[in-house]
Amino acid sequence: MPQLPAPDYPADVRARLEADAKEIIARYPGSRSALLPLLHLVQSEEGHVSRTGMAFCAELLDLTTAEVTAVATFYSMYRRKPGGDYQVGVCTNTLCAVMGGDAIFDELKEHLGVGNNETTEDGKVTLEHIECNAACDFAPVVMVNWEFFDNQTPESAKRLVDDLREGRPVAPTRGAPLCTYKETARILAGFPDERPGAVEATGGAGPASLTGLRLAKGEPPRPRVVRPRDSEAPHDAPPQTPAADHPADPAGPAEEGE
């Protein structure tokens, strides 16, 4: 629980935040519905939800600080302490874990010298494990400020965090270009991303994610792609179609998984 009373924002900061907050509150028929975006707003100011930020939200929404604290501490997307410019989340849920997520997280902890929800000394990277990034067909997945970096390995993940710390350009696998954690929080509060090309940048789901949708629409199944077993086989080998589309092979059934 935050220690109260909390210090107020400086006058100029409060005036700016109040103007933004009133714009957010006006979007909702009931003011308390604006709490989630308001928490993102105060997070965009300090990089975390401070007790000053919670008191600010409570005052503007006519809530108690206990009500605001209950929400701010329930959702992991709200930081409870200062963090880095880049929140690096490694999925360690079942599929990502067995595909290498656990190894990525362990190696990043050693490489960065931090534990879960800890920040590097230079203030650039905060590392955390995430239960699911909802991108299982790209496993293992790492997210930086909620942008996807798909099909990662321990080595590619270490290069990623090194680039972030050195200020080198980093491009997500799909989605909008990276911005800082504070800038991301303001976008999540509902304010437009005004960077050129950011809104147009997008990334769809992978084929595995869309299979159920295609079947529900009555579309025929697509050919099943099987990765060649032989390491010497060409990587551009044509996809194999399901066995039902071909006559029986006189040489016998294919190996399991083919």
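With positions in the sequence shown counted from 1, the corresponding number in the working numbering is that position plus 952.
We put the beta carbon where it would ideally sit given N, CA and C, even for glycine.
>> Quick test of the definition: if touching needs 3 or more C-beta pairs under 8 Å, does the region 993–1002 touch the region 1132–1147?
In response: yes
> What did DSSP end up calling H1000 once you bin it into helix, strand or coil?
Replying inline: coil
> What three-state label does DSSP hand C1084 in the structure shown?
Replying inline: coil
> Using 8 Å as the Cβ pair cut-off and three pairs as the minimum, do the region 1039–1053 and the region 1073–1091 touch?
Replying inline: yes
>> Out of G1052, D964, R968, G1035, which one is the CA nearest neighbour of G1067?
In response: G1035
> Out of curiosity, what's the CA-to-CA distance linking V965 and M1051?
Replying inline: 46 Å
> Does the pairing of the region 1119–1131 with the region 1088–1100 give three or more beta-carbon distances under 8 Å?
Replying inline: yes
> Quick one: what does DSSP say C1009 is sitting in, helix, strand or coil?
Replying inline: helix
> Taking C-alpha atoms, which residue in P989, S1028, R1032, F1090 lies nearest to L1012?
Replying inline: P989
> Looking at C-alpha atoms only, which residue of L1112, R1032, V1093, G1158 is the closest neighbour of L1047?
Replying inline: V1093
> Which whole-angstrom value describes the C-beta separation of V1113 and L1060, a residue pair presumed to lie in contact below a C-beta threshold of 8 Å?
Replying inline: 6 Å
>> Give the list of continuous alpha helix (DSSP H) stretches no shorter than 4 residues that lie fully inside the region 1093–1129.
In response: 1106–1118
> To which residues of the same chain is P1190 closer than 6 Å at the C-beta, ignoring the five residues directly before and after it?
Replying inline: Any reading at P1190 is ruled out, since the residue's pLDDT is 42, under 50, leaving its predicted position unreliable.
> For E1070, which of helix, strand or coil comes out of DSSP?
Replying inline: strand
> In chain order, what residues of the same chain lie with their CB nearer than 7 Å to the CB of A1055, ignoring the 5 residues before and after it?
Replying inline: P1106
>> Using the three-state DSSP reduction, which class does Y1133 fall into: helix, strand or coil?
In response: helix
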